[in-house]
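Step one of this worksheet: look at the structure below.
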Amino acid sequence: MSSPTETLKLKEAVKQLARQHGFPLVGIASAERFVEAEQSLLERIAAGFFAGLSWFTAERARFCCEPRNHMADACSLIALGISYNALAAPAASGLRGRVARYAWGRDYHHELGERLKKFCRDLRTICPPGIKLKTFVDHGRIVDRAVAQRAGLGWYGKNSNILTHQFGSWVFLAEVLTNLPLPPDAPVRTHCGHCQVCIPACPTGAIVAPGVIHSDRCISFLTIELRGPIPRALRPLIGDWIFGCDVCQDVCPVNRKAAVVAPSAFAPEHGVGARPELLPLLGLSDQEFRQRFGHTPLSRAGRRGLLRNVCVALGNLGDPVAIPALQRALGDPEPLVRGHAAWALGQLAEKNPGCQTYSALQERLSRETDGWVREEIALALRLAQQETASRSSQASS
Ligand code: B12
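Residue numbers (the numbering used here): -18 to 378.
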């Protein structure tokens, strides 16, 4: 048995090592069950707030909230955080979409995974023999935010993200579960107080109460996790976001004061960047998509998901320059892309009196075999037709 002084020394050494391995935020939490998080999760699943995330079942939620499901003799969680608050150069001209900051650079699963591996390798050299270590980042079956909150890394913002004093919520979270007994840190006492600017700022009204996200309405879900069509009513609310969304974080006063980090793997030059040009994306083949985005978080949406989002953004931006590319996208091998391209053309017809979208839609309809795409084309044609009709009635009056 080591003395309390020795345990404290070891805890400090563990934290020091984490910082050396590129985790400026580090805290210790006990590995006890996350009872409140479990209850919140189960309530939200029952309320249908996770309906679109079919993998997020009640069974998974229960499993995630009990760290000892992963390691029966687990004692502690080393909670880690790293900021991705990089700077992006102002966007050049052209039709551009918006990518959530966390996805500008290299895929954080890879970057954090590598750092965690090296951290654990060195941890073994300072810890007693027989130490067990299990690492998690994002897709591990554990509740990252609840761990960070318990370990004192930050507090729950009303947008449900963990806010830290130093970096705001622009942080990735990860953790190491271990059988090493380490004295836990205390949670921070800060909270958002009366501030709730994030709640009405959400374009789709996805923050249904402080700290409660209706996932199926969140733009992050719609543009990243959703595999099928984006519900029509929500498409206009997505604006020019093509992967994730930062609105609830951008408006947060804590984030305005967050430290900007030195260039790192998460900087725009290591990935897609903040404001990619949209039209070239519509022409990407599967192989080109993998080459350009395979090492970035955008790989999660896949080519078909990203092109779907690009169509929606182009429809919302309403610039007729996009018409030829969207007409070509009507012939895309993926029905998901064809259907959203049709929707975008309908939007363009509505926003640009006199633009020519009708005949391309009509021509595609004559060959289209997919039922849902036909439906989208028919709706777009109606908009294009209304537009043509109102122009001819204006001309005759
Ligand atoms: C599923 C998931 C999503 C879903 C659902 C998000 C959600 N809010 O639940 C979707 C796809 C929508 C999503 C979106 C995003 N995600 Co996400 N996601 C996850 C994942 C895999 C699980 C999250 C989870 O368990 N949610 C369940 C709910 C119940 O948990 P919770 O929000 O923490 O709920 C707590 C609070 O509500 C609090 N609470 C209860 N009552 C009250 C009352 C008040 C007043 C307050 C303030 C709080 C509060 O207690 C609850 C339980 O602990 C985690 C990774 C992981 N393994 O944990 C990443 C994770 C949460 N995501 C992350 C990120 C970065 C994002 C995005 C910012 C990405 C983007 N820019 O597009 C957005 C943010 C959207 C938002 N405002 O939440 C980071 C968050 C980092 C941080 N600083 O918090 C994580 C931790 C990934 C990581 N390892 O870094 N995500």
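No residue lacks a Cβ here, since even glycine has one placed at the ideal position from N, Cα and C.
Reduced DSSP category for residue i - H, G, I as helix; E, B as strand; rest coil
i: T145; result: strand
i: F153; result: strand
i: V354; result: helix
i: G8; result: strand
i: L260; result: helix
i: V318; result: helix
i: Y137; result: strand
i: W222; result: strand
i: G38; result: One point to set straight first is that residue 38 is Thr, not Gly, in the sequence displayed. Coil at T38, not helix or strand.
i: R77; result: strand
i: F30; result: coil
i: G94; result: helix
i: S245; result: coil
i: L68; result: coil
i: F117; result: strand
i: T106; result: helix
i: I123; result: coil
i: C(-12); result: Per the sequence shown, residue -12 should be read as Thr rather than Cys. Three-state DSSP puts T(-12) in a helix.
i: S57; result: strand
i: V16; result: helix
i: V211; result: Here the sequence assigns Ile to residue 211, which means Val is not the residue at that position. Reduced to three states, the DSSP call for I211 is coil.
i: A190; result: strand
i: I112; result: coil
i: T338; result: coil
i: L295; result: helix
i: G174; result: coil
i: L288; result: helix
i: L362; result: helix
Pairwise C-alpha distance: residue j and residue i
i: F44; j: C292; result: 38 Å
i: A84; j: S(-16); result: 44 Å
i: E19; j: K(-8); result: 28 Å
i: C199; j: C226; result: 8 Å
i: A182; j: K238; result: 19 Å
i: E344; j: D267; result: 26 Å
i: G254; j: S11; result: 38 Å
i: R(-2); j: S57; result: Note on residue identity: the sequence assigns Leu, not Arg, to residue -2. Spanning the two alpha carbons is a distance of roughly 16 Å.
i: E(-13); j: P110; result: 15 Å
i: D54; j: Q130; result: 22 Å
i: V80; j: V228; result: 11 Å
i: H276; j: L6; result: 25 Å
i: R105; j: A(-6); result: 12 Å
i: N140; j: R122; result: 22 Å
i: I60; j: V193; result: Here residue 60 turns out to be Ala, not Ile, going by the sequence shown. Distance between the alpha carbons of A60 and V193: 23 Å.
i: G75; j: V152; result: 30 Å
Status (buried if at least 16 other CB within 10 Å, exposed otherwise) for residue i
i: A325; result: buried
i: A196; result: Correcting the residue identity first, residue 196 is Ser in this sequence and not Ala. By the 10 Å Cβ count, S196 comes out buried.
i: G78; result: buried
i: I112; result: exposed
i: L(-11); result: exposed
i: V302; result: exposed
i: A282; result: buried
i: I211; result: buried
i: V178; result: exposed
i: Q308; result: buried
i: D231; result: exposed
i: K99; result: exposed
i: V354; result: buried
i: S340; result: exposed
i: G174; result: exposed
i: Q357; result: The sequence shown places Glu at residue 357, not Gln. So E357 ends up on the buried side.
i: I107; result: exposed
i: A190; result: exposed
i: H321; result: buried
i: H2; result: buried
i: Q367; result: exposed
i: S347; result: exposed
i: E269; result: exposed
i: V128; result: buried
i: D88; result: buried
i: P257; result: buried
i: V241; result: exposed
i: A330; result: buried
Residue i Cβ short of 7 Å to the ligand MG heavy atom set
i: F100; result: The ligand MG is not part of the structure shown, which contains the ligand B12 as its ligands.
Any chain B beta carbon closer than 8 Å to residue i
i: S245; result: Included in the structure is just one protein chain, with no chain B present.
Would you call the stretch 111 to 130 in contact with the stretch 157 to 173, where contact means no fewer than 3 C-beta pairs closer than 8 Å? Yes, the stretch 111 to 130 touches the stretch 157 to 173.
Does the stretch 166 to 184 touch the stretch 137 to 153, meaning 3 or more C-beta pairs lie closer than 8 Å? Segment contact: the stretch 137 to 153 against the stretch 166 to 184, three or more CB-CB distances shorter than 8 Å; contact assigned.
The stretch 57 to 75 / the stretch 240 to 254 touching (three or more Cβ pairs under 8 Å): Yes, since at least three Cβ pairs between the stretch 57 to 75 and the stretch 240 to 254 fall closer than 8 Å, the two stretches touch.
For the stretch 202 to 210 against the stretch 24 to 34, do three or more pairs of beta-carbon atoms, one drawn from each stretch, fall closer than 8 Å, so that the two count as touching? Pairwise C-beta distances place the stretch 202 to 210 in contact with the stretch 24 to 34, as three or more of them are shorter than 8 Å.
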